[in-house]
Every structure is written in C-alpha cells, then in structure tokens.
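> Here's a structure for you.
Numbering (our numbering), first residue to last: 1 to 303.
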C-alpha cells in the first residue's frame, strides 16, 4: 500500500490477495476512524490515476492531458507564456531525458524579462520538445531486492541521469533526473560534473538509493576520484554523503532499450572529455605507449 497525503493505492499481484489486502486496509481505517469518499474510490481495477500519473500493470505513464497541454501550445509571445511552458515541462520532467538541457533556450528567455525575444533556437527547441513528447517512454517501478543501474551525463550547461531496472536482458527506465548548472558549477572539471550528477540524483531519488543497491555505469574514474584522500574539499564532502548508499561503479555497457539509447546518444561528445581526463591521469603517472614497430628500438633497455 502506498499513501501520499489523501491519496491511497492498494496493490496486489493476485485477485484473492487483493481481497485480503483490502480487508486489512479497511480494518486499519476503522481503527483510526478514517473515512473514504465512495465517488473517488475504484476497486479491482488493473490501472488508475495516482498523484497525477496513470499506474498500470505495464508501468507508469504520463498524464495525457499534461502532454496535450504542451502539444496544443503555440509559440510563446511573452514571458508569462514561457513561464507556463517551463512549468508544464517540470511536471513531466521524470519522463523527459535531459529535460533541463532541452529547456535551456527557454530559461535564457526568462532571464531577459524586459527584452522578450523568442529566436530561432527557442523555436527549434520548442518543436523538438513536442516531437519528444509524442513518444514519451513508459516508466517502471523496481521490485524489492532489485539492483538498479544509473547512467550519468554532463554537459557545459547541465547534468542529467537516468535510473533503470534490468530484467531478462531488458533495460527499462525508472526515473529521469536533470539539473541546470549555475555559474560556479559550470566551471567544474568534467569529472566533478559527473560526481555532481550522481549527488543530485541521490538527493532527488533518495528512497530508491536507500532501499536498493545501485550500480553506476560510467567510463569516468568516479570511484578513484571520490576515494582520493587528497582531493578537493567539495569532492570529499560528496564522497561522505554518497557513502550512506550501497553504490558500486561499473563500466558503461551497450545500451539496449530505445528509451535509454535516446539518452546516451545525446552525450556522444562526452567520451572526448572522458578520454582527455584519463589521458591526463596516465601522462601524469609517466606511462608511455609505443607502437609494436618501435618496440625493438627500446627493448634493449630492459636488459
């Protein structure tokens, strides 16, 4: 059973179990003298609305009315309409890969309250957003005992992540997280931005991280960086905060699900930053890699 303020959801895998679960729920309600509104109750259904989302056997779907509200919008002509647009995007952010980065052109407009300007970049972002909303992914919920996996992304303007569940070779998204970087955060090193993406995600999805082991899939040396005793004060603070959770670090593997492929395909520029970071670390250690043809010229030094 899940309860949020005045919304209640009782879930059962089998019909006989559902009747027993309802009996137990009603006994608790009678004990504490709580009442239900019959007009707002639905029993024995395979899906229904909960906290503004459609919860079904397949997973969690976005509210079609919220999607339609954006799809039916015309290009904003003033600041108030842009604010309305960003608010509607925020309501669907858990379904939108890198929502903060998709909204960057709109945020730039909001910074110029007195000089409203809806340029071609805003219009292009607006149209791309509508195309994306037409095929929003279905989100799933994790089962008790599941190991979850996290993909991270960092760009000069934003950090993002997607929490997923793997079952029988299938990869299914659970939640998308995204955050626009402020002035100081935008100057972080690439590895620090990836660490920030992880910290932002743990704060946003704390209940998931407290109840499930999570494997972070990244090619960046996050574990080594956060584990260094001589690292920056900021990274040490984050490392202490992350030590509360059961987090492991894994190499990023091939993406199989289309919804996740869309997320990773948007960060194709990231490997260059990752390689450059790793290259700097290797150079600092004094290692040199020679081509096989050149090896014979230096092999005599081993004697």
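All C-beta atoms in this analysis are idealised placements derived from N, C-alpha and C, irrespective of residue type, glycine included.
On a predicted model such as this, the values are computed, not experimentally measured, just so you know.
Once the 5 residues before and after residue 86 are set aside, which same chain residues still bring their CB inside 8 Å of it?
103, 106, 107 and 110, listed in sequence order.
> How big is the Cα-Cα spacing for residue 16 and residue 1?
Approximately 16 Å between the Cα atoms of the pair.
> What residue range is occupied by the uninterrupted alpha helix (DSSP H) comprising residue 253?
It is not in any alpha helix (DSSP H) - residue 253 carries neither H nor E in the DSSP assignment.
> Within the chosen definition, does the segment 130-143 reach the segment 110-122 through at least 3 CB pairs nearer than 8 Å?
With the cut-off at 8 Å, the segment 130-143 and the segment 110-122 do not touch.
> Report yes if the C-beta distance between residue 59 and residue 152 is below 7 Å; otherwise report no.
Contact: no.
> Just verifying my parser: in three-state terms, what is the DSSP assignment at residue 89?
Here residue 89 sits in helix by DSSP.
> State the Cα-Cα distance for the pair residue 267 and residue 215, rounded to the nearest angstrom.
Only weak support is given to the placement of residue 267: the predicted model assigns it a pLDDT of 44, under 50, and the question is left unresolved by the model.
> Return the residue from the list 221, 187, 11 and 39 that minimises the CA-CA distance to residue 47.
The option with the nearest alpha carbon to residue 47 is 11.
> Does DSSP put residue 101 in a helix, in a strand, or in coil?
Three-state DSSP puts residue 101 in a helix.
> Counting along the chain, where does the alpha helix (DSSP H) carrying residue 167 start and finish?
No alpha helix (DSSP H) contains residue 167, which is instead part of the beta strand (DSSP E) from 158-167.
> With a threshold of 6 Å on Cβ separation, who are the neighbours of residue 93 within its own chain once the five nearest residues in sequence on each side are excluded?
Answer for residue 93: 99, listed in chain order.
> In chain order, what residues of the same chain lie with their CB nearer than 6 Å to the CB of residue 204, ignoring the 5 residues before and after it?
Taken in chain order, the residues that qualify are 177.
> My assumption, with CB atoms under 8 Å, is that residue 198 sits in contact with residue 222. Please give the rounded CB distance.
With a Cβ gap of about 7 Å, residue 198 and residue 222 count as contacting.
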